[in-house]
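Presented below is the structure to which this report refers.
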DNA sequence: GATTAACCGAGACGGTACGTCACGTCTTTAA
DNA sequence: TTAAAGACGTGACGTACCGTCTCGGTTAATC
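Protein chains in written order, with our numbering: chain A, 3 to 200; chain B, 3 to 200; chain C, 3 to 200; chain D, 3 to 200.
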């Protein structure tokens with residue numbers, strides 16, 4: 003399974019079929035778990051040495067799978083399989099309000115987290131991280147895209163609307179305010195955005 | 003001058019008047035120059051040691067002035083005094099198109115730059131950097147705010163619109179797409195955003 | 003043949019007859035060849051990984067045969083079957099001069115070789131290597147012993163002389179000077195030694 | 003003092019006079035002490051990490067002074083300032099017997115030590131270690147040389163005898179037997195050697 | 001003019017983490 | 001059972017920066 007969807011793993015030669023001792027899946031899991039556990043202390047305090055120690059694994063075993071710390075972190079975050087449920091309230095506005103409500107909660111929980119900003123920076127250097135990050139982001143956008151699609155199907159939204167742009171328009175302001183502005187990201191802000199966009 | 007607007011410089015006691023040898027202004031400049039020169043290689047390759055070596059300055063001379071690497075970088079970027087002109091085409095749409103045109107150009111120039119993302123991350127840890135970053139961002143938003151204000155004055159835009167939110171709504175999607183998405187930031191995208199927001 | 007004289011090989015159970023796949027003799031040869039080839043770069047750069055890679059052999063295949071790197075090296079060197087001829091010039095002095103002449107030539111060839119010193123060190127840890135090293139040394143001493151025996155038989159040397167000590171007295175200074183001193187090991191030195199000992 | 007006689011220290015630029023913070027002599031001592039303490043466990047178990055930890059010193063502080071582990075060990079051994087007293091019994095034979103008696107004691111104490119063999123090997127690679135090792139060896143030979151000089155002054159030994167060769171002749175067999183032979187290095191052996199040489 | 005205090009360059013200091021290498025063992029498929 | 005391949009835990013390697021600290025030596029304002 004990992005070999006199919008893996009975007010960030012260090013290159014595996016895969017010369018032919020599979021020769022030699024296969025990788026131990028328990029190692030993958032132990033490493034990812036350790037990463038998530040250490041991640042709560044901020045990505046700045048997350049060292050490969052620490053992950054290796056906590057996962058009771060050699061460092062080489064980590065480097066064999068992920069070429070950089072960020073690649074590892076992205077995958078660890080991705081394995082955080084909190085299923086994002088797609089709301090269905092009947093109206094686009096209702097669905098979005100529902101979705102943003104959850105987002106606000108998550109923001110409040112992990113407020114001040116430096117993980118995403120760090121990955122954004124890492125993505126500048128490492129195209130693999132970049133790709134993986136985009137993959138992660140896309141996954142998180144899924145509910146919004148579905149909500150929008152349904153709205154178009156219902157005729158509530160013009161079929162001419164570019165869903166990609168619409169997603170950026172809904173999520174971009176939120177991210178922008180959080181990362182770069184001193185204004186609060188709260189319910190009032192969400193309402194304003196929805197008022198203006200819809 | 004520096005002492006007035008400086009937000010990130012390390013505390014200077016300046017207990018009384020000033021005794022002892024005064025700081026050498028040429029050092030400030032040499033350090034900032036060295037920083038800008040090394041910054042082209044990415045902020046990841048910018049070490050204090052390297053800056054000190056290139057500026058032919060002791061490390062302590064840097065730390066005496068800036069408490070962190072990011073504080074130094076922010077100030078070095080601040081000396082990048084490209085004045086952002088506020089367009090005035092008569093219509094809000096025209097003004098914004100004009101403004102975004104410039105932004106696109108800048109993005110194309112320094113594409114893939116990691117400086118802003120890095121500062122965003124640094125701002126998570128260091129409130130001084132955060133403040134300075136917001137200050138920098140606000141400065142860059144000035145033209146948009148002015149354009150919006152004029153539109154409201156002209157009655158082209160409802161007076162009820164929250165300008166702060168409107169700014170996020172215009173700039174957020176752009177930043178979001180640039181940092182997190184694989185979709186291109188181009189004229190077409192700008193048009194779409196303006197179509198939907200206005 | 004190997005199984006008879008082998009002193010350092012890892013234990014082979016050979017419990018009963020032979021079951022399973024028999025060992026491939028070509029592996030032995032490939033490993034020894036690879037070892038000798040890599041040995042020219044110094045024993046410090048000789049890793050089991052490298053030998054395995056060069057011999058196109060699994061590491062386990064090496065460990066199955068030799069328990070340590072040094073055991074492997076000793077055996078590889080052992081295949082260096084330069085027969086040491088015993089000179090017979092009629093006089094002890096002449097025989098020894100003849101023998102040392104050859105030794106000087108060999109020293110000049112492989113000067114600076116680190117193999118013997120390394121084995122000496124390895125012998126400190128591993129009694130098997132120690133034994134094998136002594137065996138190797140004894141083999142190289144054979145001509146001297148024979149020459150001395152003949153001298154005693156001829157009455158040229160007192161029958162009371164301890165041949166073992168005499169051998170150390172002749173070869174020790176040479177080795178000592180080569181390994182630990184900055185003085186040259188040359189014909190003049192040999193002459194001096196012979197003058198003093200005989 | 004160190005700066006005068008130091009043979010193995012990593013190159014100090016010494017661009018001019020002395021700029022920058024001078025090296026802390028206490029670090030030198032702490033490192034050498036730690037090295038000697040750890041050396042009892044064999045040189046194979048002596049890691050730079052361990053020395054640094056025990057000396058409560060950063061690894062860089064070690065590498066700043068000694069480029070290799072062996073260079074460090076040699077200097078540590080050299081700092082072992084057990085003064086080797088020169089015996090004076092009145093006769094050459096008596097002096098040498100006295101000296102060898104001490105040597106045998108030392109051998110018995112540190113029997114099986116791998117330090118010297120290891121340094122001999124290291125000297126093959128690193129000319130600095132080689133030089134330093136020779137220096138160390140020469141220092142240990144001092145009593146023998148003095149004893150021989152006195153014997154020549156007394157007329158007990160021909161003035162034509164090359165002292166350097168004589169030293170090799172006396173010490174070489176001992177070292178040779180210890181490192182390469184299975185014969186014991188005992189009083190009997192010493193007596194034999196002295197009988198034959200004198 | 002002497003004192004004093006902060007500056008300056010240089011670079012040593014104790015640390016932390018890095019990414020690599022080799023070790024010797026283990027685990028797979030294939031012969 | 002051996003073979004090739006290569007993953008595994010371990011542990012040391014030597015390097016790079018970090019931010020702090022000492023040096024000898026300036027450079028003014030104060031005494």
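Backbone N, C-alpha and C fix where the C-beta goes; we use that ideal spot for every residue, glycine too. Just so it is clear, the structure is predicted and the values come from calculations on it, not from any experiment.
Legend entry - Cβ contact (3+ pairs, closer than 8 Å) linking the region 189 to 198 of chain C and the region 154 to 173 of chain D: yes
Inset, instruction - With a threshold of 16 other CB atoms inside 10 Å of the CB of residue 31 of chain C, please say whether the residue is buried or exposed. - result: Stepping through the third chain from its first residue, residue 31 of chain C is reached at position 29. Label assigned to residue 31 of chain C: exposed.
Legend entry - Contacts of residue 179 of chain D in chain C (Cβ-Cβ under 9 Å): Taking the first residue of the fourth chain as position 1, residue 179 of chain D is located at position 177. Correct list: 166, 167, 170 and 174.
Inset, instruction - Could you tell me whether the Cβ of residue 199 of chain B comes closer than 9 Å to any Cβ of chain A? - result: Counting from one through the second chain, the residue named residue 199 of chain B turns up at place 197. Yes - at least one Cβ of chain A is within 9 Å of the one on residue 199 of chain B.
Inset, instruction - Note down, in chain order, all residues in the region 43 to 72 of chain B with a beta-carbon under 9 Å from any beta-carbon belonging to chain A. - result: From the region 43 to 72 of chain B, only 44, 45 and 46 have a Cβ closer than 9 Å to chain A.
Legend entry - Residues that residue 101 of chain D contacts on chain C, provided the C-beta gap is smaller than 8 Å: For the purposes of this step, residue 101 of chain D is taken as the residue at position 99 of the fourth chain. The contacting residues do not exist; residue 101 of chain D stays about 16 Å from chain C at best.
Legend entry - Whole-angstrom C-beta distance between residue 37 of chain A and residue 53 of chain A, which should lie under 8 Å: For the purposes of this step, residue 53 of chain A is taken as the residue at position 51 of the first chain. For the purposes of this step, residue 37 of chain A is taken as the residue at position 35 of the first chain. Yes, they are in contact, since the Cβ atoms of residue 53 of chain A and residue 37 of chain A sit about 5 Å apart, within 8 Å.
Legend entry - Contact with chain C by residue 111 of chain D, beta-carbon distance below 9 Å: What you label residue 111 of chain D is simply residue 109 of the fourth chain in a count that begins at 1. Residue 111 of chain D does not count as touching chain C.
Inset, instruction - Check whether the region 92 to 102 of chain C touches the region 39 to 56 of chain C, counting contact only when three or more Cβ pairs, one atom from each stretch, lie closer than 8 Å. - result: no
Inset, instruction - Pair every Cβ in the region 151 to 158 of chain B with every Cβ in the region 150 to 167 of chain A, then say whether three or more of these pairs are closer than 8 Å. - result: By the Cβ rule, the region 151 to 158 of chain B does not count as touching the region 150 to 167 of chain A, because fewer than three pairs are nearer than 8 Å.
Inset, instruction - Report whether the distance from the Cβ of residue 25 of chain B to the nearest heavy atom of the ligand COA is below 8 Å. - result: Inclusion of the ligand COA in the displayed structure is not the case, the ligand content being empty and no account of it being possible.
Inset, instruction - Give every residue of the same chain whose Cβ lies closer than 7 Å to the Cβ of residue 24 of chain A, excluding the five residues on either side of it in the sequence, and list them in chain order. - result: Walking along the first chain from the start, residue 24 of chain A turns up at place 22. Nothing meets the Cβ criterion.
Legend entry - Segment limits, alpha helix (DSSP H) that includes residue 100 of chain A: Position 98 of the first chain holds residue 100 of chain A. DSSP places residue 100 of chain A inside the alpha helix (DSSP H), whose first and last residues are 94 to 111.
Legend entry - Residues of its chain near residue 57 of chain C, where Cβ-Cβ distance is below 6 Å and the 5 sequence neighbours each way are ignored: Counting from 1 along the third chain, the entry for residue 57 of chain C is found at position 55. Counting only Cβ-Cβ distances below 6 Å, and skipping sequence neighbours, we find 32, 33 and 36.
Legend entry - Own chain, CB closer than 8 Å to residue 187 of chain D, minus 5 neighbours either side, in chain order: Within the fourth chain, numbered from 1, the residue matching residue 187 of chain D stands at position 185. Once the five neighbours on either side are set aside, the close Cβ partners of residue 187 of chain D are 106, 109, 176, 179 and 180.
Inset, instruction - Could you tell me which chain B residues have their CB closer than 7 Å to the CB of residue 123 of chain A, listed as they occur along the chain? - result: The count along the first chain starts at 1 and reaches residue 123 of chain A at position 121. Ordered by position in chain B, the residues that pass the 7 Å Cβ test against residue 123 of chain A are 116, 119, 120 and 123.
Legend entry - Span of the alpha helix (DSSP H) around residue 164 of chain C: On the third chain, position 162 is the one that residue 164 of chain C refers to. Unbroken run through residue 164 of chain C: none, as it is neither H nor E.
Inset, instruction - Check whether the region 115 to 123 of chain A touches the region 119 to 132 of chain B, taking contact to mean three or more Cβ pairs, one atom from each stretch, closer than 8 Å. - result: yes
Inset, instruction - Kindly give me the distance between the Cβ atoms of residue 73 of chain D and residue 131 of chain D, rounded to whole angstroms, as I take these residues to be in contact under 8 Å. - result: For the purposes of this step, residue 73 of chain D is taken as residue 71 along the fourth chain, with counting starting at 1. For the purposes of this step, residue 131 of chain D is taken as residue 129 along the fourth chain, with counting starting at 1. With a beta-carbon spacing of about 6 Å, residue 73 of chain D and residue 131 of chain D fall inside the 8 Å limit used to define contacts.
Legend entry - Nearest neighbour of residue 143 of chain A, chosen from A/88, A/183 and A/134 [CA to CA]: For the purposes of this step, residue 143 of chain A is taken as residue 141 along the first chain, with counting starting at 1. Nearest of A/88, A/183 and A/134 to residue 143 of chain A, Cα basis: A/88.
Legend entry - Check whether residue 127 of chain D and residue 79 of chain D have beta carbons under 9 Å apart: Here residue 127 of chain D corresponds to residue number 125 of the fourth chain, with the count starting at 1. Here residue 79 of chain D corresponds to residue number 77 of the fourth chain, with the count starting at 1. With respect to residue 79 of chain D, residue 127 of chain D sits apart: the two C-beta atoms are not nearer than 9 Å.
Legend entry - residue 104 of chain A versus residue 77 of chain A: straight-line alpha-carbon distance, rounded: Residue mapping note: residue 104 of chain A aligns to position 102 of the first chain, counting from 1. Residue mapping note: residue 77 of chain A aligns to position 75 of the first chain, counting from 1. Their Cα atoms are separated by approximately 22 Å.
Inset, instruction - Please decide whether residue 2 of chain A counts as near chain B, where near means a Cβ-Cβ distance under 9 Å. - result: It is not possible to answer for residue 2 of chain A, since the shown part of chain A is limited to 3 through 200.
Legend entry - CB contact below 9 Å: residue 104 of chain A versus chain B: If you number the first chain from 1, residue 104 of chain A lands on position 102. Not an interface residue.
Inset, instruction - Would you mind telling me which residues of chain B sit closer than 8 Å to residue 136 of chain A, beta carbon to beta carbon, in chain order? - result: Your numbering for residue 136 of chain A matches position 134 in the first chain. Here the neighbours are 182, 183 and 184.
Inset, instruction - Compare the C-beta of residue 133 of chain D with all C-beta atoms of chain C and state if any pair is closer than 9 Å. - result: Reading the fourth chain from its first residue, position 131 is the one you call residue 133 of chain D. Closer than 9 Å to some Cβ of chain C, the Cβ of residue 133 of chain D qualifies, so yes.
Legend entry - Neighbour flag for residue 76 of chain D against chain C, beta carbons, 9 Å: Stepping through the fourth chain from its first residue, residue 76 of chain D is reached at position 74. With 9 Å as the cut-off, residue 76 of chain D does not count as an interface residue toward chain C.
Legend entry - Residue closest to residue 172 of chain D, alpha-carbon to alpha-carbon, out of D/149, D/185, D/160 and D/184: By one-based count along the fourth chain, residue 172 of chain D stands at place 170. Among D/149, D/185, D/160 and D/184, the Cα nearest to that of residue 172 of chain D belongs to D/149.
Inset, instruction - State yes or no: is the beta carbon of residue 163 of chain C nearer than 9 Å to at least one beta carbon in chain D? - result: Counted from its first residue, the third chain places residue 163 of chain C at position 161. Interface residue, yes.
Legend entry - Inter-residue spacing [alpha-carbon to alpha-carbon] between residue 194 of chain C and residue 75 of chain D: Numbered from 1 along the third chain, position 192 holds the residue referred to as residue 194 of chain C. Numbered from 1 along the fourth chain, position 73 holds the residue referred to as residue 75 of chain D. The straight-line gap from Cα to Cα measures roughly 34 Å.
Inset, instruction - Use the C-beta contact count for residue 189 of chain A: other C-beta atoms within 10 angstroms, 16 or more gives buried, fewer gives exposed. - result: Position 187 of the first chain, counting from 1, holds the residue named residue 189 of chain A. By the 10 Å Cβ count, residue 189 of chain A comes out exposed.
Inset, instruction - Going by CA-CA distance only, name the one from D/164, D/184 and D/81 that's closest to residue 129 of chain C. - result: On the third chain, position 127 is the one that residue 129 of chain C refers to. The option with the nearest alpha carbon to residue 129 of chain C is D/184.
Legend entry - Beta carbon of residue 141 of chain B nearer than 9 Å to that of residue 86 of chain B: To locate residue 141 of chain B, count along the second chain from 1; it is residue 139. To locate residue 86 of chain B, count along the second chain from 1; it is residue 84. For residue 141 of chain B and residue 86 of chain B, yes; Cβs fall inside 9 Å.
Legend entry - Enclosing alpha helix (DSSP H) for residue 64 of chain A [first to last residue]: On the first chain, residue 64 of chain A is found 62 positions in, with the first residue counted as 1. Element bounds for residue 64 of chain A: 61 to 65.
Legend entry - Residue environment, residue 160 of chain A, which counts as buried when at least 16 other CB atoms sit within 10 Å: As a working note, residue 160 of chain A is residue 158 in the first chain. That one is exposed.
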